[in-house]
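Trainee: In our numbering, the protein residues as written are 213 to 315.
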């Protein structure tokens, strides 16, 4: 999460370029971690939390399709109910609203 912290600091400084770079690097790391446990359904809730975090970072990087894919993969496992609710909220409130804004 150090990269996320650096992205936040860059945003606070008004350094959009650094914020994007740190966000993309954080997303790449979190996605790689989610990929490592994607097929290990017995690792809940860690598995779904990693996917949710990667999806949030994907949204920060405007990677809507990747965020959808990560959320779908998280929901395909057996996440706890509270994580399911968060994933659905993320899908409905963030991704679909951003898609509507694009169209």
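Built from N, CA and C at the ideal position, the CB exists for glycine as well.
Between the beta-carbon of residue 285 and the beta-carbon of residue 250, is there less than 7 Å?
Mentor: The count along the chain shown starts at 1 and reaches residue 285 at position 73. The count along the chain shown starts at 1 and reaches residue 250 at position 38. In contact: residue 285 and residue 250 (Cβ atoms closer than 7 Å).
Trainee: From 225, 254 and 233, pick the residue whose C-alpha is nearest to that of residue 216; which is it?
Mentor: On the chain shown, position 4 is the one that residue 216 refers to. Comparing Cα-Cα distances from residue 216 to each of 225, 254 and 233, the minimum goes to 233.
Trainee: If you check the beta carbons only, do residue 238 and residue 269 fall under 7 Å apart?
Mentor: Position 26 of the chain shown, counted from the start, is the residue given in the question as residue 238. Position 57 of the chain shown, counted from the start, is the residue given in the question as residue 269. Going by C-beta atoms, residue 238 is nearer than 7 Å to residue 269.
Trainee: Is the beta carbon of residue 276 less than 7 Å from the beta carbon of residue 310?
Mentor: Mapped onto the chain shown, residue 276 falls at position 64. Mapped onto the chain shown, residue 310 falls at position 98. For residue 276 and residue 310, yes; Cβs fall inside 7 Å.
Trainee: Buried or exposed: where does residue 243 fall if 16 or more other Cβ atoms within 10 Å of its Cβ makes it buried?
Mentor: Counting from 1 along the chain shown, the entry for residue 243 is found at position 31. With 16 or more other Cβ atoms within 10 Å, it is buried.
Trainee: Is the Cβ-Cβ distance between residue 307 and residue 278 less than 7 Å?
Mentor: If you number the chain shown from 1, residue 307 lands on position 95. If you number the chain shown from 1, residue 278 lands on position 66. Not a contact, by the Cβ cut-off of 7 Å.
Trainee: Along the alpha helix (DSSP H) that carries residue 289, what are the first and last residues, could you check?
Mentor: On the chain shown, residue 289 is found 77 positions in, with the first residue counted as 1. It is not in any alpha helix (DSSP H) - residue 289 carries neither H nor E in the DSSP assignment.
Trainee: Fully enclosed by the stretch 221 to 271, which alpha helix (DSSP H) runs are 4 residues long or longer?
Mentor: Segments of the alpha helix (DSSP H) lying fully in the stretch 221 to 271: 228 to 249.
Trainee: Assign residue 226 to one of two classes, buried (16 or more other C-beta atoms within 10 Å of its C-beta) or exposed (fewer than that).
Mentor: Here residue 226 corresponds to residue number 14 of the chain shown, with the count starting at 1. By the neighbour-count rule (16 or more Cβ atoms within 10 Å), residue 226 is not buried but exposed.
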